[in-house]
Amino acid sequence: MAVETNRWGIIYNPKAGSRKTQKKWEKIREYMEERGVLFDYMQSEGYGSVERLARMLANNGYQTIVIVGGDGAINDAVNGIMTSSAEKKDEIALGIIPNGIGNDFASYFGLDSDDYKEAVDWIINRRLRKIDVGRVGYTDGDVCGTRYFINAMYIGLGARFVWISNGTRRFWGMQWLSFLSSMFLLLFERKLHRMHLKINGEHIRDKVMTVCIGSARGYGLTPSAVPYNGWLDVSVVYRPELLQLLKGLWLLVQGRILNAKVVKPYRTRKVKILRAQNAALSLDGRQLYHDCPLDVRIIPEALTLIIPK
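Structure below.
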């Protein structure tokens with residue numbers, strides 16, 4: 024199917040728990056029509072549909088795919104594009120209009136979930152930046168598979184926090200209240216997991232509370248990560264005492280979590296996860312259900328992102 028090169032393919036992922044989802048979309052649509060944007064629009068219909076729709080748009084020749092949603096929807100779209108049959112996946116421009124429960128990746132680039140007009144204007148301006156994509160390889164029996172991420176992979180308590188904060192944000196509807204309530208729920212859940220990681224040739228065999236492997240800032244646990252430098256930042260968090268945990272939370276909020284004594288940082292191009300006993304796993308806030316071993320690598324400049332001025 025021939026598609027005009029300036030036509031956007033838009034996937035609208037309704038914000039979970041919001042009663043104003045359709046009103047928000049109508050305002051976005053009205054503003055795009057006012058600005059003369061050519062677009063085709065589709066609405067997601069539950070888990071997995073964003074990935075399927077993004078793959079379909081990429082396969083049908085759309086050069087601009089816009090996601091109206093949060094971190095999870097962006098992750099699904101990235102996986103759809105990366106697994107499409109498009110010849111030049113890295114030339115498909117991904118635009119973001121934040122509208123999710125979690126918008127950590129969008130906020131890294133200064134995109135505000137409350138200012139959809141500015142987000143639309145920036146996509147129209149079409150300033151492009153090649154970014155890296157994280158790749159997780161896994162094996163289930165005789166089947167080998169791959170999942171992709173552009174923000175962070177979490178193992179252990181970090182993955183639990185993302186899941187719980189998403190649920191509490193649906194309940195409270197406010198990010199700061201969700202953060203506090205999630206912290207309260209996890210305050211005494213400092214469960215350790217026996218892990219075996221291989222990073223830069225070093226074998227780490229220890230009891231670990233959480234691990235964050237970030238291409239971007241990873242919800243604060245990899246604050247020095249840059250999504251276009253060809254590296255992965257890794258933060259390994261060991262069990263803190265209660266006072267250390269409280270101090271660590273304060274450092275996390277301040278963007279200085281790497282100063283915490285229980286955090287050991289690394290910078291690498293690949294991580295081998297050989298064991299993560301009973302640990303939850305997540306990619307950009309999406310659950311990952313595959314068992315170890317997992318092979319995590321960075322693919323430099325694998326995706327084109329439309330970024331602000």
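Residue numbers in the sequence shown follow this note's numbering, run continuously in steps of one, and reach 332 at the last position.
Glycine is no exception: its CB is placed at the ideal position from the N, C-alpha and C atoms.
Spatially closest choice to residue i from the options, by CA coordinates
| i | options | result |
| --- | --- | --- |
| residue 244 | 260, 250 and 99 | 260 |
| residue 242 | 133, 170 and 127 | 127 |
| residue 48 | 60, 58 and 34 | 34 |
| residue 50 | 29, 111, 120 and 250 | 120 |
| residue 9 | 236, 240, 322 and 106 | Any answer about residue 9 is impossible in this case: the structure gives the chain only from 24 up to 332. |
| residue 94 | 36, 215, 116 and 258 | 36 |
| residue 113 | 97, 86, 166 and 46 | 86 |
| residue 279 | 251, 256, 62 and 246 | 246 |
| residue 284 | 216, 299, 67 and 262 | 262 |
| residue 294 | 142, 224, 308 and 70 | 224 |
| residue 234 | 250, 254, 176 and 282 | 176 |
| residue 125 | 149, 308, 303 and 322 | 308 |
| residue 325 | 104, 147, 53 and 221 | 104 |
| residue 74 | 61, 62 and 90 | 90 |
| residue 164 | 57, 321 and 316 | 316 |
Residue range of the alpha helix (DSSP H) that includes residue i
| i | result |
| --- | --- |
| residue 63 | Here residue 63 belongs to no alpha helix (DSSP H); instead the beta strand (DSSP E) covers 62-66. |
| residue 105 | 94-105 |
| residue 258 | Taken as a continuous stretch (DSSP letters only), residue 258 belongs to no alpha helix (DSSP H), being part of the beta strand (DSSP E) at 255-260. |
| residue 73 | 72-82 |
Limits of the beta strand (DSSP E) - the one that residue i falls within
| i | result |
| --- | --- |
| residue 249 | No beta strand (DSSP E) holds residue 249; DSSP gives it neither H nor E. |
| residue 218 | 216-222 |
| residue 319 | 317-330 |
| residue 288 | 286-291 |
Length of the line joining the Cα atoms of residue i and residue j
| i | j | result |
| --- | --- | --- |
| residue 130 | residue 290 | 23 angstroms |
| residue 64 | residue 183 | 33 angstroms |
| residue 123 | residue 97 | 10 angstroms |
| residue 160 | residue 288 | 22 angstroms |
| residue 151 | residue 214 | 42 angstroms |
| residue 149 | residue 328 | 9 angstroms |
| residue 312 | residue 137 | 33 angstroms |
| residue 332 | residue 30 | 21 angstroms |
| residue 111 | residue 250 | 20 angstroms |
| residue 300 | residue 117 | 36 angstroms |
| residue 314 | residue 171 | 16 angstroms |
| residue 257 | residue 236 | 4 angstroms |
| residue 226 | residue 296 | 10 angstroms |
| residue 101 | residue 68 | 17 angstroms |
| residue 248 | residue 99 | 21 angstroms |
| residue 27 | residue 179 | 45 angstroms |
| residue 158 | residue 322 | 7 angstroms |
| residue 320 | residue 57 | 42 angstroms |
| residue 147 | residue 154 | 19 angstroms |
| residue 80 | residue 132 | 24 angstroms |
| residue 238 | residue 253 | 8 angstroms |
| residue 219 | residue 66 | 41 angstroms |
| residue 304 | residue 140 | 35 angstroms |
| residue 62 | residue 77 | 14 angstroms |
Sheet register partners of residue i (DSSP bridge)
| i | result |
| --- | --- |
| residue 310 | 305 |
| residue 89 | 33 and 118 |
| residue 233 | 179 and 260 |
| residue 295 | 221 and 318 |
| residue 51 | According to DSSP, residue 51 bridges with nothing at all. |
| residue 364 | Outside the modelled stretch of the chain, which goes from 24 to 332, sits residue 364, for which no answer is possible. |
Cutoff 7 angstroms: residue i Cβ touching any chain D Cβ
| i | result |
| --- | --- |
| residue 240 | Looking for chain D here will not work: only one protein chain is present. |
Those runs of the beta strand (DSSP E) which lie wholly inside the region 108-176 and span at least 3 residues = 116-121, 150-163 and 166-172
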